[in-house]
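Yeah, the sequence shown ends on 306 if you go by this note's numbering, and it's all consecutive. Even glycine gets a Cβ: it sits at the ideal position worked out from N, Cα and C. Report on the structure given below.
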Amino acid sequence: MARRTEEERLVDLEEKIRKMQMEKQRLANQVRQKERKERTRRLIQVGGLIEKYFEIKGEEETIKLIVSFKESVEKNKEKILSLDIDQARKILQVHIDK
Numbered sequence: 209m210a211r212r213t214e215e216e217r218l219v220d221l222e223e224k225i226r227k228m229q230m231e232k233q234r235l236a237n238q239v240r241q242k243e244r245k246e247r248t249r250r251l252i253q254v255g256g257l258i259e260k261y262f263e264i265k266g267e268e269e270t271i272k273l274i275v276s277f278k279e280s281v282e283k284n285k286e287k288i289l290s291l292d293i294d295q296a297r298k299i300l301q302v303h304i305d306k
């Protein structure tokens, strides 16, 4: 069997590089698409929670609500986020049941 020339080997390597670059791009696109889907899901969930617990029915009401809570949340964010999720749900349920 005859050995391939350096030129032939170089062409083969360039083709492999091109295929690997295409595969890298395809995987990067999949990662970005997955991240977009996850973000969209989070946005829908957050919007649903706001509508459910605050009985908000539109963008204008949501904006007003967020503006009114912004300073308080920024001031107490660490404390709020340190709550155990079950504890937070219990507190939320108590306020809803009132």
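Taking the C-alpha atoms as reference points, what is the distance between residue i and residue j?
i, j, result
"N284", "E231", "45 Å"
"S290", "R226", "48 Å"
"A236", "V254", "27 Å"
"K287", "V281", "9 Å"
"E188", "E246", "This structure gives no information on residue 188, because the portion of the chain shown stretches from 209 to 306."
"E268", "R234", "40 Å"
"D292", "K224", "51 Å"
"D294", "T248", "25 Å"
Measure how close the beta-carbons of residue i and residue j come, nearest whole angstrom, since I'm counting them as under 8 Å.
i, j, result
"L273", "F262", "6 Å"
Within the same chain, show all residues whose beta-carbon is closer than 7 Å to that of residue i, passing over the 5 residues directly before and after it, in chain order.
i, result
"T270", "I258, I264"
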